[in-house]
Amino acid sequence: MKPPVLRCRHVTKRYGNFTALQDLSLEVYEGEIFALLGPNGAGKSTLIHCITGLAKQSSGSIEVLGFDTIRDFRTTRRLVGLVPQEINYDPFFTPLESLTIQMGLMGVEPSRERADTLLKTFALDDKRDAYTRTLSGGMKRRLLVAKSLVHEPRLLFLDEPTAGVDVELRRELWQEVEGLRAAGTTIVLTTHYIEEAERLADRIGILHKGELLLVESRSSLMGRHDGRSLEEIYLELIRKADGRPDA
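According to my numbering, the sequence shown is numbered sequentially starting from -9.
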């Protein structure tokens, strides 16, 4: 097993009287795709926010490549990339301008060559000088992925990256994710498309009401439930956690 890129130890996050994460411990290893599954409100985005510096855990520790996300915030922020659920963009910038500005925000020297490479990788090179507001929804989502990569992060979070996109684009994004992993990027993927996790993930974690129900390799998990789909396994675990009978 390769060394962990991400290590969470007994992480708890509270908002007033509500506990979003409860004593969560997790390691994600170099070069893997880790799929974090769970229903809405399970705590997936909260965990990502704590790791990427958008929120601060109430207790516990988080390390990225051995650096603490609170003590060494500037270092860990440079090591991490995030593609958020929500499509956000400045309507008055072009894709080329958006990437160049993002480089500056992430503390790297703006590079036209790097921007052009990303635009070509995500099939946006013919839209480089168009206003972002004129792009289709799928193009805007591809631009989000490109923006997350301008500083060449070692750890990339994809938070529902294919939400609302068509089947063809989803499969194109899958190919890009596999290419990123092949190039050495460690990826944490959250998704409600269980087929996506079944296709891409090396290991799978299932989060429910702020607690991890399971962390296991995809092959081992599927092997233990011979003949059943990941979706069927996932639904059974969630129903058991809720005390509901299996359908």
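Using N, Cα and C, we set each Cβ at its ideal position, and we do this for glycine too.
Predicted model only: the values in this text are computed from it and were never measured.
Contact between Thr84 and Arg132 does not hold, since the beta-carbon distance rounds to 14 Å and is not under 8 Å.
Its chain contains His215 as the residues whose beta carbon lies nearer than 8 Å to that of Glu222, once the 5 sequence neighbours on both sides are disregarded; these appear in chain order. For His215, there is no enclosing alpha helix (DSSP H), as DSSP gives it neither H nor E. Beta-bridge partners of Gly71 (DSSP): Leu146. Assignment of beta-bridge partners to His198 by DSSP yields Glu201. Every alpha helix (DSSP H) stretch that sits fully inside the segment 104 to 190 and reaches 4 residues is listed by chain position as 127 to 138, 157 to 172 and 184 to 190.
Secondary structure note for Thr42: its alpha helix (DSSP H) is the uninterrupted segment Lys34 to Thr42. Here DSSP, grouped into helix, strand and coil, assigns Glu17 to strand. The C-beta distance from Val178 to Val1 rounds to 14 Å, too long to meet the 8 Å contact threshold. Contact between Glu166 and Val135 holds: CB atoms are separated by about 7 Å, below the 8 Å threshold.
At a Cβ-Cβ threshold of 9 Å, Arg67 and Met96 count as neighbours. Nearest Cα to Leu44 within the set Arg234, Phe147 and Arg229: Phe147.
Your pair Lys34 and Leu197 checks out as a contact, with CB atoms roughly 6 Å apart and the cut at 8 Å. Judged by their CB atoms, Leu(-4) and Glu53 are nearer to each other than the 9 Å cut-off. Ranked by Cα distance from Ile228, the first of Arg(-1), Ala32, Leu16 and Pro(-6) is Ala32. Annotated three-state conformation of Tyr5 is strand, per DSSP. In the same chain as Phe57, and ignoring 5 residues on each side of it, the C-beta atoms closer than 6 Å to its own belong to Thr65 and Thr66, in chain order. In the structure shown, Glu76 falls within a coil segment according to DSSP collapsed to helix, strand and coil.
Taking a contact as a CB-CB distance under 8 Å, the pair Asp192 and Arg208 counts as one, their CB atoms being some 6 Å apart. For the set Leu14, Val205 and Gly128, the Cα lying nearest the Cα of Lys3 is the one of Leu14. In this model, Thr152 and Pro235 are separated by some 31 Å (Cα to Cα). In the displayed model, Ser210 falls within a helix according to three-state DSSP. Distance check between Lys199 and each of Leu220, Tyr183 and Asp232 places Asp232 closest, using alpha-carbon atoms only. Taking the C-beta atoms as reference points, Leu27 is found nearer than 9 Å to Gly195. Arg(-3) has Glu17 and Glu53 as its beta-bridge partners, per DSSP. Under the DSSP assignment, Ile60 falls outside any beta strand (DSSP E); it carries neither an H nor an E label.
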